[in-house]
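*Asks:*
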Amino acid sequence: DAMVIQNPRYQVTQFGKPVTLSCSQTLNHNVMYWYQQKSSQAPKLLFHYYDKDFNNEADTPDNFQSRRPNTSFCFLDIRSPGLGDAAMYLCATSVGATYNEQFFGPGTRLTVL
Amino acid sequence: AQTVTQSQPEMSVQEAETVTLSCTYDTSESDYYLFWYKQPPSRQMILVIRQEAYKQQNATENRFSVNFQKAAKSFSLKISDSQLGDAAMYFCAYRSANTGNQFYFGTGTSLTVIP
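So this is what it looks like as structure tokens:
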């Protein structure tokens, strides 16, 4: 089945220790998104790629970076995680046309010790 | 940026009854798309239903239907014959038809289904 896969599902890191979350998709969608979602809150868009074009939200901290080496994969790098970065991180994809909905992965739950 | 408001943080419904979740949005655009997403506990978010702003007819998907009032900028979700599996967080989302690929989400409504 075509899908959005996130690894790992649960990630524990130490305060200040860099961490990378990964997302892959078999849908061949050209847009990929990273969201941060804290408990019982709406997903907050961090950035998205339209093909290779990177689009950063204005309020995304510099601590968060992303890479998209090819259509299928996208990575979220947190350079120096703080306690406030503990959250669920959601990857989503869509086709570029605006009619289309987003398809979400199951998320990675990040814990910062 | 557009704003999406869900004024009901929590709702409950008896099994087999009907419940309506509210959503309002603020935009100056005339062409856009609206979505309802469902996020069950510890499970991934999935699309429930979508509506194109240029369509006057309200979207329907089985037990799920919307009441789209463009002038009022309102987009409510009606769930009929509620089932235990409908218990989840529901998010309303907006996407422009003309500018960018961003989706704007409301803060969500947590729906409890009472057996």
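Heads up: the sequence lines are chains A and B, in that order.
Per my numbering, the first sequence starts with residue 1, numbered consecutively.
Per my numbering, the second sequence starts with residue 114, numbered consecutively.
By construction, the Cβ of each residue, glycine as well, lies at the ideal position given by its N, Cα and C atoms.
Should arginine 9 of chain A and proline 69 of chain A be called a contact, given that it needs their Cβ atoms to be closer than 8 Å?
*Replies:* Translated into positions along the first sequence, residue 9 of chain A becomes position 9. Translated into positions along the first sequence, residue 69 of chain A becomes position 69. Contact flag unset, no.
*Asks:* In chain A, what lies closer than 7 Å to methionine 124 of chain B by C-beta?
*Replies:* To locate residue 124 of chain B, count along the second sequence from 1; it is residue 11. Near methionine 124 of chain B there are no residues of chain A at all, since even the closest Cβ is about 14 Å away, more than 7 Å.
*Asks:* Could you tell me if phenylalanine 15 of chain A is buried or exposed, where buried requires 16 or more neighbouring beta carbons within 10 angstroms of its beta carbon?
*Replies:* The residue labelled residue 15 of chain A in the question sits at position 15 within the first sequence. Exposed is the call here.
*Asks:* Under DSSP, the beta strand (DSSP E) around phenylalanine 15 of chain A begins and ends at which residues?
*Replies:* Within the first sequence, the letter at position 15 stands for residue 15 of chain A. Premise fails: phenylalanine 15 of chain A is in no beta strand (DSSP E) and is neither H nor E.
*Asks:* With DSSP run on the structure shown, which of helix, strand or coil describes aspartate 53 of chain A?
*Replies:* For the purposes of this step, residue 53 of chain A is taken as the residue at position 53 of the first sequence. If DSSP states are grouped into helix, strand and coil, aspartate 53 of chain A belongs with the strands.
*Asks:* Rounded to the nearest angstrom, what separates glutamate 174 of chain B and leucine 160 of chain B at their Cα positions?
*Replies:* By 1-based counting over the second sequence, the position of residue 174 of chain B is 61. By 1-based counting over the second sequence, the position of residue 160 of chain B is 47. Glutamate 174 of chain B and leucine 160 of chain B: Cα-Cα distance of roughly 11 Å.
*Asks:* Is serine 66 of chain A near phenylalanine 47 of chain A, with beta carbons less than 8 Å apart?
*Replies:* Within the first sequence, numbered from 1, the residue matching residue 66 of chain A stands at position 66. Within the first sequence, numbered from 1, the residue matching residue 47 of chain A stands at position 47. In this structure, phenylalanine 47 of chain A lies closer than 8 Å to serine 66 of chain A by Cβ.
*Asks:* Following the continuous beta strand (DSSP E) through valine 31 of chain A, name the residue where it begins and the one where it ends.
*Replies:* For the purposes of this step, residue 31 of chain A is taken as the residue at position 31 of the first sequence. Its beta strand (DSSP E) spans residues 31-37.
*Asks:* Might you give, ordered along the chain, the residues of its own chain that have their beta carbon closer than 7 Å to the beta carbon of lysine 183 of chain B, omitting 5 neighbours on each side?
*Replies:* Position 70 of the second sequence, counting from 1, holds the residue named residue 183 of chain B. Hits under 7 Å: Ala166.
*Asks:* In the DSSP assignment, what residue or residues form a beta bridge with phenylalanine 92 of chain A?
*Replies:* As a first step, residue 92 of chain A is located in the first sequence; it is residue number 92 there, counting from the start. Per the sequence shown, the amino acid found at residue 92 of chain A is alanine instead of phenylalanine. DSSP lists A/Tyr33 and A/Phe104 as partners of alanine 92 of chain A.
*Asks:* Chain A partners of glutamine 215 of chain B, CB-CB under 9 Å?
*Replies:* By one-based count along the second sequence, residue 215 of chain B stands at place 102. The contacting residues are Tyr33, Leu45, His48, Asn55 and Glu57.
*Asks:* Return the residue from the list B/Leu224, B/Ser209, B/Gln215 and B/Gln196 that minimises the CA-CA distance to tyrosine 145 of chain B.
*Replies:* Counted from its first residue, the second sequence places residue 145 of chain B at position 32. With distances taken between Cα atoms, tyrosine 145 of chain B lies closest to B/Ser209.
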